[in-house]
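Here my numbering runs 664 ahead of the position in the sequence shown, where the first position is 1. We put the beta carbon where it would ideally sit given N, CA and C, even for glycine. Notes for the one structure printed next.
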Amino acid sequence: TNKNQIKVDLVDENFTELRGEIAGPPDTPYEGGRYQLEIKIPETYPFNPPKVRFITKIWHPNISSVTGAICLDILKDQWAAAMTLRTVLLSLQALLAAAEPDDPQDAVVANQTARLWAHVYAGAPVSSPEYTKKIENLCAMGFDR
């Protein structure tokens, strides 16, 4: 299968709600993960952007780890009617590839956490023994796998 895969499925017959899925981009902490998205299409589409949020839990500076809300300009004021859902999903993949916390020290922790969440929630493979240990610790603390 193509690693850059994106896909969209209908949830209802009215085309008002869709499920998107994007693959975590290669060479990022999200690699190997599959991320489910909730896509709600407003009646004013394509003149207004779809409302998109991550269903799969993800650790990223521009995405809420609680609600899955996404901070991305094309989903707000930079939207253009010519944009497609494919554009949106590809932009979200690019956003995952461009996760840059301001502080380099934060970046190390953020990367480790993102990788851990990618494994636990998005099905990414475990990459090292220390991650396995961290996952066991999280499970011991009562977090769901």
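Status (buried if at least 16 other CB within 10 Å, exposed otherwise) for residue i
i	result
Lys-711	Here residue 711 turns out to be Phe, not Lys, going by the sequence shown. The residue is exposed, with fewer than 16 neighbouring Cβ atoms inside 10 Å.
Thr-731	exposed
Glu-695	buried
Val-784	buried
Val-773	exposed
Gln-769	exposed
Gln-742	exposed
Ala-778	buried
Thr-748	exposed
Phe-718	buried
Ala-804	exposed
Close Cβ partners of residue i (< 8 Å) along its chain, the five nearest in sequence each way excluded
i	result
Arg-698	Glu-685, Ile-686, Ala-687, Gly-688, Thr-720, Ala-786 and Gly-787
Asn-726	Ile-734, Cys-735, Leu-736, Leu-759 and Ala-763
Val-675	Glu-681, Leu-682 and Arg-683
Gln-700	Arg-683, Gly-684, Glu-685, Phe-718, Ile-719 and Thr-720
Bounding residues of the beta strand (DSSP E) (the contiguous stretch that carries residue i)
i	result
Tyr-699	698 to 704
Cut-off 7 Å between Cβ atoms - residues of its own chain near residue i, not counting five sequence neighbours on either side
i	result
Asn-678	none
Asp-673	Leu-682 and Arg-683
Ala-761	Pro-689 and Thr-692
Ala-745	Pro-710 and Phe-711
Cβ shell of residue i (< 6 Å), same chain only, five flanking positions each side left out
i	result
Leu-753	Ile-670, Gly-684 and Ile-686
Ile-703	Leu-682, Gly-684, Pro-714 and Val-716
Leu-802	none
Gln-757	Ile-686 and Pro-689
His-724	Ala-763
Arg-750	none
- Query: Fully enclosed by the region 748 to 808, which beta strand (DSSP E) runs are 3 residues long or longer?
  - Reply: Counting only runs of 3 or more, we get nothing.
- At what residue ranges does the region 676 to 743 contain a whole run of the beta strand (DSSP E), taking only runs of 3 or more? Listed in chain order, they are 681 to 687, 698 to 704 and 715 to 718.
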